[in-house]
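Trainee:
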Amino acid sequence: MRRSNVMKCRRCSAKAEVKLRAHNTAFCRACFVLFFGRQVDRCILKNRMFSHGDRVLVAVSGGKDSLALWHALVSHGYQTTGLHLNLGIGDYSTQSREKTEAFARVHGLPLIVLDLRTLNEDISIPTVAAFTNRRPCAACGRIKRHCFDTAALEHGFTVIATGHNLDDEAARLLGNVLHWQREHLAKQRPVLDPTHPKFVTKVRPLYLVSEYETAAYAFFSGIDYVVDECPHGAGATQLVYKKTLNRLEEEMPGTKHGFVKDFQRAAQPVFAAAESPPAGECSVCGMPSYGSACSFCTLVAEVRAKRERARATS
Ligand code: SF4
Ligand SMILES: [Zn+2]
Ligand SMILES: [Zn+2]
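Numbering (this note's numbering), first residue to last: 1 to 314.
#1: Is Arg11 near ligand 2, in the sense that its beta carbon is under 7 Å from a heavy atom of that ligand?
#2: If you draw a straight line from the C-alpha of Glu251 to the C-alpha of Phe259, how long is it?
#3: By the 10 Å Cβ neighbour count, where 16 or more other Cβ atoms means buried, how is Cys140 classified, buried or exposed?
#4: For Pro136, verify whether its CB is less than 7 Å away from any heavy atom of ligand 1.
#5: Cα-Cα, which of Gly254, Ile44 and Cys12 is closest to Cys31?
#6: Following the continuous alpha helix (DSSP H) through Ala26, name the residue where it begins and the one where it ends.
#7: Would you say the beta carbon of Ala68 comes nearer than 7 Å to a heavy atom of ligand 3?
#8: Considering only DSSP beta bridges, list what Val18 is partnered with.
#9: For Asn47 and Leu69, I'd like the C-alpha separation in whole angstroms.
#10: Residue ranges of each alpha helix (DSSP H) run of no fewer than 4 residues wholly in the stretch 78–163, ordered along the chain?
#11: At what residues does the beta strand (DSSP E) containing Arg55 begin and finish?
#12: Specify the secondary structure class of Ser75 as computed by DSSP and reduced to three states.
#13: Does the count of Cβ pairs from the stretch 231–240 and the stretch 63–78 closer than 8 Å reach three?
#14: Keeping to the same chain, check which residues put their C-beta closer than 6 Å to that of Leu174; ignore five residues upstream and five downstream.
#15: Hey, could you find the ends of the beta strand (DSSP E) Lys202 is sitting in?
#16: What does DSSP give as the partner residue(s) for Pro288 in the beta ladder?
#17: Who are Lys8's beta bridge partners in DSSP?
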């Protein structure tokens, strides 16, 4: 008898559409969507990220990861509100906002939108990068963190969830290990408990879910997301790390999963023990800070000073 070599779904034996080499398994469309949701929910429960009583603020960029996360959380009955930051990066930001707003509208979900072009007299990423000569991504990370923290505090959320996936986590870990960035390694974990009364818990429920899986979930769930990447890219170095890890994954499926999971189990607690929380509060905005002004307000002050100087000389 001839054996069919059509791959079968592990759950229902229908023709498989998604092959997960890292898990040594395959699923049909419907079973994969179920598997994905359960995987995310299990991660939330196992890591005690939050419960159904929490008010979760989901940072939504309009890309596949954050929208897939929001969709999965809603499907599992969690109380969520989206937070979208318009970064002011040309067409990319316009499209990102449109996709996020459309998703919220279609699913009847609450969404908060903040526009950096109208905050502090314009702290959009291109403006900040131009005035301060900083790399856009460096300014962006700092601004995003501050906006998420202040929005959570202001609106009474108990948790901030972001859509970082396994590929992001593995690339970040590789970079941190290659340069022994102890401060960054101390903070690289899927649940960051608040280190100050004005902070809330920060979680990454997709930290063990690959980019391929979030793309498949978004596609099968009919999520319309921004396909274009931010023109500033995730940084050339980050891409090299991702490519290197993909080569390893190709040869040895499960490498990324093991790398990130084993780090969390075996090494992260050692780095976390040396973490020093912010001791004071920013004299400008009142948020937790290591110095007299937080890094966000320091950046805003620098932009303001350079803007005024530019006006004076024009
Ligand atoms: S690539 Fe850089 S500038 Fe673009 S959204 Fe990401 S961090 Fe921000
Ligand atoms: Zn199936
Ligand atoms: Zn501040």
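Ideal Cβ placement from N, Cα and C applies to all residues, glycine included.
Mentor: Judging by the given coordinates:
#1: Position 11 of the sequence shown, counted from the start, is the residue given in the question as residue 11. Answer for Arg11: yes, Cβ within range of ligand 2.
#2: The residue given as residue 251 occupies position 251 in the sequence shown. The residue given as residue 259 occupies position 259 in the sequence shown. Distance between the alpha carbons of Glu251 and Phe259 is about 15 Å.
#3: Translated into the one-based positions of the sequence shown, residue 140 becomes position 140. Classification for Cys140: buried.
#4: Within the sequence shown, the letter at position 136 stands for residue 136. Pro136 Cβ: within cutoff of ligand 1.
#5: Position 31 of the sequence shown, counting from 1, holds the residue named residue 31. Among Gly254, Ile44 and Cys12, the Cα nearest to that of Cys31 belongs to Cys12.
#6: By one-based count along the sequence shown, residue 26 stands at place 26. Note, Ala26: premise wrong, no alpha helix (DSSP H); beta strand (DSSP E) at Thr25 to Phe27.
#7: Against the sequence shown, residue 68 aligns to sequence position 68. No, the Cβ of Ala68 stays beyond 7 Å of every heavy atom of ligand 3.
#8: Position 18 of the sequence shown, counting from 1, holds the residue named residue 18. According to DSSP, which records beta bridges pairwise, Val18 is partnered with Phe27.
#9: Within the sequence shown, residue 47 is the residue found at index 47, counting from 1. Within the sequence shown, residue 69 is the residue found at index 69, counting from 1. Cα to Cα, Asn47 sits roughly 16 Å from Leu69.
#10: Residue ranges of uninterrupted alpha helix (DSSP H) with 4 or more members, entirely inside the stretch 78–163 and ordered along the chain, are 90–107, 125–132 and 136–155.
#11: Walking along the sequence shown from the start, residue 55 turns up at place 55. It spans Arg55 to Ala59 - the beta strand (DSSP E) in which Arg55 sits, taken as one unbroken run.
#12: Counting from one through the sequence shown, the residue named residue 75 turns up at place 75. Looking at Ser75 - three-state DSSP - the assignment turns out to be helix.
#13: Judged by Cβ distances under 8 Å, the stretch 231–240 makes no contact with the stretch 63–78, as fewer than three pairs qualify.
#14: Taking the sequence shown and counting its residues from 1, one reaches residue 174 at position 174. Counting only Cβ-Cβ distances below 6 Å, and skipping sequence neighbours, we find Tyr241.
#15: Reading the sequence shown from its first residue, position 202 is the one you call residue 202. Where Lys202 is concerned, the enclosing beta strand (DSSP E) stretches over Thr201 to Val203.
#16: Residue mapping note: residue 288 aligns to position 288 of the sequence shown, counting from 1. Residue pairing for Pro288: DSSP places it in a beta bridge opposite Glu281.
#17: By one-based count along the sequence shown, residue 8 stands at place 8. Partner(s): Lys15.
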